[in-house]
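Structure, as structure tokens:
In our numbering, the protein residues as written are 277 to 439.
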């Protein structure tokens, strides 16, 4: 994790994208905070030169998150950055003890599905909040029992980028 002032971030982003030898990549995934900040502009302007396939927008079911993603949709459209689709994260809580799924972040306005329909975007998947994901990340080993939605997501992104 890199934490620095905005002007320092822009320089660091430029260095990461133009000076680092990443070797031969199939995919470069960049996780950015919500919003449409200077950092986002810097990333998009640098990546446009490298024929970026598109971006995946991530939201949670709550309206406050959906509102941020709508701004990001407008940002991407203004900059002619293709949108692969939307992922709804933490759509449900997947309890490992009782095997039930619970809604902990209510989709009071219909969640990502309704937003995607209104914006003409693909909902790539709705991913549950699962403790197994954190355990897998902590151990550095792909864990058994991860939500199937992750495989679906990877398949959809791969097809988009290769198609």
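Glycine is no exception: its CB is placed at the ideal position from the N, C-alpha and C atoms.
Closer than 7 Å: residue i CB and nearest the ligand HEM heavy atom
| i | result |
| --- | --- |
| residue 334 | No copy of the ligand HEM occurs in the structure displayed, which carries no ligand at all. |
Neighbour-count burial assignment, residue i, 16 or more Cβ in a 10 Å radius
| i | result |
| --- | --- |
| residue 413 | exposed |
| residue 439 | exposed |
| residue 374 | exposed |
| residue 294 | exposed |
| residue 391 | buried |
| residue 224 | The requested residue 224 is not part of the displayed model; the chain covers only 277 to 439. |
| residue 304 | exposed |
| residue 415 | exposed |
| residue 342 | buried |
| residue 280 | Note on residue 280: pLDDT 49, under 50, position unreliable in the model; the coordinate value appears next. Residue 280 is exposed by the Cβ-count criterion. |
| residue 284 | exposed |
| residue 277 | Per-residue confidence for residue 277 stands at a pLDDT of 45, beneath the threshold of 50, marking its modelled position as unreliable; no derived number is given. |
N- and C-terminal bounds of the alpha helix (DSSP H) containing residue i
| i | result |
| --- | --- |
| residue 320 | 314-324 |
Contact belief for residue i with residue j at Cβ below 8 Å, rounded distance in angstroms
| i | j | result |
| --- | --- | --- |
| residue 425 | residue 401 | 4 Å |
| residue 319 | residue 289 | 6 Å |
| residue 368 | residue 404 | 5 Å |
| residue 366 | residue 381 | 6 Å |
| residue 308 | residue 315 | 7 Å |
Unbroken beta strand (DSSP E) run spanning residue i, endpoints
| i | result |
| --- | --- |
| residue 332 | 331-335 |
Residue j beta carbon less than 8 Å from that of residue i
| i | j | result |
| --- | --- | --- |
| residue 397 | residue 362 | yes |
| residue 399 | residue 409 | no |
| residue 388 | residue 335 | yes |
| residue 437 | residue 329 | yes |
| residue 333 | residue 345 | yes |
| residue 275 | residue 385 | No answer is possible for residue 275: it lies beyond the span of the chain, which begins at 277 and ends at 439. |
Secondary structure, alpha helix (DSSP H): runs of 4+ residues fully inside the stretch 343-426:
387-395, 407-415
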